[in-house]
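**Q**
Protein chains in written order, with the working numbering: chain P, 159 to 383; chain A, 5 to 495.
(1) For residue 379/P and residue 237/P, which I take to be in contact (beta-carbon distance under 8 Å), what is that distance rounded to the nearest angstrom?
(2) Taking all protein chains shown into account, decide if residue 216/P is buried (16 or more other Cβ within 10 angstroms of its Cβ) or exposed.
(3) Could you compute how far the alpha carbon of residue 17/A sits from the alpha carbon of residue 318/A?
(4) Using a 10 Å radius around the Cβ and a threshold of 16 neighbouring Cβ atoms, would you call residue 277/A buried or exposed?
(5) Between residue 344/A and the rest of its own chain, which residues show a CB-CB distance below 6 Å, the 5 nearest in sequence each way excluded?
(6) So, does the CB of residue 371/P fall closer than 8 Å to a CB anywhere in chain A?
(7) For residue 160/P, count the other beta carbons within 10 Å of its own beta carbon; 16 or more makes it buried, fewer makes it exposed. Which is it?
(8) Skipping 5 residues on each side, what residues in its chain have a beta carbon closer than 7 Å to that of residue 221/A?
(9) Evaluate residue 495/A with the Cβ neighbour count: other Cβ atoms within 10 Å of its Cβ, from every protein chain shown; 16 or more gives buried, anything less gives exposed.
(10) Taking DSSP's pairing of strands, which residues face residue 486/A in a bridge?
(11) Is residue 166/P buried or exposed, if buried means 16 or more other CB atoms sit within 10 Å of its CB?
(12) Under 7 Å Cβ-Cβ, which residues of chain A neighbour residue 259/P?
(13) Buried or exposed: where does residue 312/P fall if 16 or more other Cβ atoms within 10 Å of its Cβ makes it buried?
(14) So residue 152/A and residue 190/A are supposed to be a Cβ contact under 8 Å. How far apart are they, rounded?
(15) Can you tell me whether residue 433/A is buried or exposed, with buried defined as 16 or more other CB within 10 angstroms of its CB?
(16) Could you list which residues in chain P have their beta carbon closer than 7 Å to that of residue 8/A, in chain order?
(17) I'd like the span of the alpha helix (DSSP H) that includes residue 189/A, first residue to last.
(18) With 8 Å as the threshold, decide whether the Cβ of residue 422/A is near any Cβ in chain P.
(19) From the DSSP output, read off the bridge partner residues of residue 151/A.
(20) May I ask you to check if the CB of residue 276/A is nearer than 7 Å to at least one heavy atom of the ligand FAD?
(21) Spatial neighbours of residue 5/A within its chain, please: CB distance less than 6 Å, with the 5 preceding and 5 following residues excluded, ordered by chain position.
(22) If I measure Cβ to Cβ from residue 188/A and keep anything under 8 Å in the same chain, skipping five residues before and after, which residues do I get?
(23) I'd like the list of long-range same chain contacts for residue 232/A, defined as Cβ closer than 6 Å, with 5 residues on each side in sequence excluded.
(24) Does the separation of the CB atoms of residue 272/P and residue 254/P fall below 8 Å?
(25) Look up residue 225/A in the DSSP assignment and say whether it is helix, strand or coil.
(26) Please name the residue in 309/P, 281/P, 300/P and 330/P whose C-alpha comes closest to that of residue 291/P.
(27) Can you tell me whether DSSP reads residue 481/A as helix, strand or coil?
(28) In whole angstroms, what is the alpha-carbon distance linking residue 240/P and residue 250/P?
(29) Taking 8 Å as the threshold (beta carbon to beta carbon), is residue 219/P in contact with chain A?
(30) Measure the Cβ-Cβ separation of residue 394/A and residue 340/A and say whether it is below 8 Å.
(31) For the beta strand (DSSP E) containing residue 344/A, list its first residue and its last residue.
(32) In the segment 325 to 388 of chain A, which residue ranges form an unbroken alpha helix (DSSP H) of at least 4 residues, counting only runs that do not cross its ends?
(33) Pick out whichever of 106/A, 70/A, 400/A and 414/A has its Cα sitting closest to the Cα of residue 376/A.
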């Protein structure tokens with residue numbers, strides 16, 4: 159550490175002490191006489207049980223409401239056919255997949271499949287038409303699925319961001335009804351992305367319009383009853 | 005250099021983002037005369053109120069969630085220093101670097117030095133109230149660094165050299181036709197056949213920023229919620245510009261007001277329900293990103309977190325006033341406020357407009373005296389209470405407005421018109437004889453009012469009232485005069 163760096167570090171620590179001292183005296187001055195009791199009387203379990211046909215139906219509705227296209231299949235064996243149809247309809251020539259995506263999900267696809275391992279460059283991702291991933295958990299009440307970067311079938315964040323078309327496969331066992339149920343299942347130590355519909359904005363006259371910087375097309379293959 | 009004793013301190017405001025140049029009534033007069041502005045605001049706030057009401061109505065336990073949000077925030081404030089130290093430990097343990105900033109200048113200096121250290125001469129930014137408050141863009145520009153706002157509404161504000169007027173939708177005062185004009189004028193690469201269809205406008209923004217995102221080396225963001233126990237930060241957004249800034253650059257610099265910390269990861273189960281439904285009226289916003297320090301192989305490999313005081317310690321020191329720090333910046337109180345709906349955000353001078361801004365801004369800056377324009381903000385309300393009903397964390401804004409009015413009066417170092425009027429009234433009301441005498445003077449009011457029966461201008465000190473609104477003519481007789489005329493024998 160040279161003299162300048164040492165000086166910077168000393169300055170940093172004295173600023174830290176001052177801010178903390180201010181906050182400590184402010185806290186004492188403004189604290190209520192009785193300690194705060196946090197109340198959590200809201201529902202932590204959803205109205206519909208995880209993984210059931212009812213909760214999948216609700217997820218289907220809320221996803222569709224925010225302009226995702228939902229494809230229902232009965233079992234994992236049918237995933238490849240649904241994915242293939244989506245990619246062919248979109249005329250996708252090249253897709254990127256996370257390192258651990260089940261290979262069978264792309265059976266029959268004769269375009270280019272780029273597996274993200276070793277990591278693809280941003281330019282590669284930008285010239286890829288679509289991305290296919292799984293999801294960690296989905297929330298029926300809100301039409302949301304969550305991507306966990308640490309999961310091998312979901313992959314690092316950039317691959318689901320740069321391509322313009324995202325195909326996400328959601329398994330029934332990962333579908334819950336409410337936000338609290340989803341938060342309880344998630345591990346925040348690696349990056350998470352909560353996705354609810356294709357990218358959209360409410361910035362023009364406070365009305366929602368789809369299609370800004372993230373993927374403009376979102377297809378969900380929902381596996382289960 | 006003065007000695008800093010670590011006492012709660014008001015904000016510095018180097019670029020005038022927390023305090024305007026004229027009082028609210030003066031600015032509101034001009035805003036009210038702008039019929040286009042009123043049409044735009046009326047349309048946008050009506051749209052969002054209907055959407056919010058519909059999605060809040062879907063949630064059976066909304067009131068319980070509000071109470072949870074309120075108490076989690078109150079608990080946070082009671083433990084703020086410890087929670088920040090915990091957050092710092094967790095972020096540091098995960099490879100991030102934490103900086104502390106006493107005020108706006110210090111935060112700007114830290115960020116400018118960090119950007120310079122990377123050698124980059126441009127940065128991409130996610131919409132952030134904290135960096136708007138400090139005037140970071142101006143500081144970066146002065147240092148030769150170009151800052152690109154990437155949120156659509158921020159982009160509109162930046163391209164039109166305007167000021168934000170709402171903290172969720174900074175360009176709410178613009179309609180689609182005006183946005184098209186701005187894009188055609190200011191985007192060098194725009195398609196000249198651009199229409200004012202919102203979808204086309206959104207796509208023009210996508211095309212305009214795409215290359216910037218893919219080549220940016222430094223991203224700058226704010227924070228919605230920072231989890232102390234895990235060191236996890238989150239950004240709640242719609243367009244994907246946030247994901248771009250948080251994911252693609254090599255270096256990420258995040259600036260957060262110290263009040264954004266929450267104790268536990270589990271607390272997000274409350275706020276991720278309250279925030280989207282209250283702000284954009286959606287069940288969930290399109291994208292929420294969470295990250296913890298640096299993740300090898302994924303996203304920025306250098307991460308800095310700047311913790312900003314800038315007047316928050318001053319707010320925290322007030323037992324009631326600190327509620328203003330509970331705000332999660334949803335903007336529901338703006339959208340339901342009859343005053344905001346008519347004047348728009350610019351009239352408030354501060355980047356925090358509307359009911360919450362009217363109680364937060366004067367507390368952040370402090371009130372320097374009767375001429376401080378922020379002293380007029382707590383009066384920008386009819387105290388109707390709609391803001392409290394809409395607030396997802398139950399901030400008692402009407403109570404704080406009244407309290408800030410009292411604080412504004414306490415700041416009077418010499419008598420003002422209002423003080424003179426109140427003193428005259430106190431004098432008149434001390435004995436029945438004086439009161440009777442004063443009542444007789446009311447007859448004079450009827451002469452002043454003339455045939456229109458309105459008094460539109462009075463001499464000082466009563467001009468304080470008639471500057472803002474007309475006074476109806478006094479009735480022909482007062483209650484006491486009527487009583488003695490009709491019940492004379494009992495009087």
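Each residue gets a CB set at the ideal place from its N, CA and C atoms; glycine is no exception.
**A** According to the structure shown:
(1) Along the first chain, one-based indexing puts residue 379/P at 221. Along the first chain, one-based indexing puts residue 237/P at 79. Right, their Cβ atoms sit about 6 Å apart.
(2) To locate residue 216/P, count along the first chain from 1; it is residue 58. Residue burial annotation: residue 216/P is buried, with at least 16 other C-beta atoms found within 10 angstroms of its C-beta.
(3) As a working mapping, residue 17/A is identified with position 13 in the second chain. As a working mapping, residue 318/A is identified with position 314 in the second chain. If you take the alpha carbons of residue 17/A and residue 318/A, they lie about 14 Å apart.
(4) To locate residue 277/A, count along the second chain from 1; it is residue 273. By the neighbour-count rule (16 or more Cβ atoms within 10 Å), residue 277/A is buried.
(5) Taking the second chain and counting its residues from 1, one reaches residue 344/A at position 340. Closer than 6 Å at the Cβ level, and outside the excluded window around residue 344/A, lie 338 and 358.
(6) Here residue 371/P corresponds to residue number 213 of the first chain, with the count starting at 1. It does; some Cβ of chain A falls within 8 Å.
(7) Working through the first chain from its first residue, we reach residue 160/P at position 2. The residue is exposed, with fewer than 16 neighbouring Cβ atoms inside 10 Å.
(8) Counting from 1 along the second chain, the entry for residue 221/A is found at position 217. Same-chain partners within the cutoff: 122, 124, 253, 254 and 255.
(9) As a first step, residue 495/A is located in the second chain; it is residue number 491 there, counting from the start. Note that residue 495/A scores 45 on pLDDT, short of 50, meaning its location in the model is unreliable and no value can be drawn from it.
(10) Sequence index remark: in the second chain, residue 486/A carries index 482 (1-based). Paired residues: none, contrary to the question.
(11) Taking the first chain and counting its residues from 1, the one referred to as residue 166/P is at position 8. Counting Cβ neighbours within 10 Å, residue 166/P comes out exposed, since fewer than 16 surround it.
(12) Here residue 259/P refers to the residue found at position 101 of the first chain. By Cβ distance, chain A contributes nothing, its closest Cβ being about 16 Å from residue 259/P, past 7 Å.
(13) For the purposes of this step, residue 312/P is taken as the residue at position 154 of the first chain. Taking all protein chains shown into account, residue 312/P has 16 or more neighbouring C-beta atoms within 10 Å of its C-beta and is therefore buried.
(14) The residue you call residue 152/A lines up with position 148 of the second chain. The residue you call residue 190/A lines up with position 186 of the second chain. Residue 152/A to residue 190/A, Cβ: 13 Å. No contact.
(15) Your numbering for residue 433/A matches position 429 in the second chain. Counting other Cβ atoms within 10 Å of its Cβ, residue 433/A stays below 16 and is therefore classed as exposed.
(16) Locating residue 8/A in the second chain gives position 4, counting from the first residue. Within 7 Å Cβ-Cβ: 176.
(17) Taking the second chain and counting its residues from 1, the one referred to as residue 189/A is at position 185. First-last of the alpha helix (DSSP H) with residue 189/A: 180 to 190.
(18) As a first step, residue 422/A is located in the second chain; it is residue number 418 there, counting from the start. When Cβ-Cβ separations below 8 Å define contact, residue 422/A makes no contact with chain P.
(19) Within the second chain, numbered from 1, the residue matching residue 151/A stands at position 147. According to DSSP, which records beta bridges pairwise, residue 151/A is partnered with 127/A.
(20) Ligands displayed in this structure: none; no statement on the ligand FAD is therefore possible.
(21) Residue 5/A sits at position 1 when you count from the first residue of the second chain. Below a pLDDT of 50, predicted positions are generally treated as unreliable, and residue 5/A, at 46, falls in that range; the measurement from the model is reported next regardless. Hits under 6 Å: none found.
(22) Within the second chain, numbered from 1, the residue matching residue 188/A stands at position 184. Around residue 188/A: 194, 196 and 198.
(23) Looking up residue 232/A in the second chain gives position 228. 87, 90, 91, 265 and 267.
(24) One-based indexing of the first chain puts residue 272/P at position 114. One-based indexing of the first chain puts residue 254/P at position 96. Yes.
(25) The residue given as residue 225/A occupies position 221 in the second chain. Three-state result, residue 225/A: strand.
(26) As a first step, residue 291/P must be located in the first chain, where it is residue number 133. Minimum Cα distance to residue 291/P is reached at 309/P.
(27) By one-based count along the second chain, residue 481/A stands at place 477. Looking at residue 481/A - three-state DSSP - the assignment turns out to be coil, as it is neither helix nor strand.
(28) Taking the first residue of the first chain as position 1, residue 240/P is located at position 82. Taking the first residue of the first chain as position 1, residue 250/P is located at position 92. If you take the alpha carbons of residue 240/P and residue 250/P, they lie about 14 Å apart.
(29) Position 61 of the first chain, counted from the start, is the residue given in the question as residue 219/P. By the rule that beta-carbons nearer than 8 Å mark a contact, residue 219/P does not touch chain A.
(30) Start at 1 with the first residue of the second chain, and residue 394/A comes out as number 390. Start at 1 with the first residue of the second chain, and residue 340/A comes out as number 336. Taking 8 Å as the Cβ cut-off, residue 394/A and residue 340/A qualify as a contacting pair.
(31) Translated into positions along the second chain, residue 344/A becomes position 340. No beta strand (DSSP E) contains residue 344/A, which is instead part of the alpha helix (DSSP H) from 342 to 347.
(32) When DSSP assignments are scanned along the segment 325 to 388 of chain A, the uninterrupted stretches of alpha helix (DSSP H) that are 4 or more residues long and fall wholly within it turn out to be 336 to 340, 342 to 347 and 358 to 369.
(33) Counting from one through the second chain, the residue named residue 376/A turns up at place 372. Scanning 106/A, 70/A, 400/A and 414/A for the CA closest to the CA of residue 376/A turns up 414/A.
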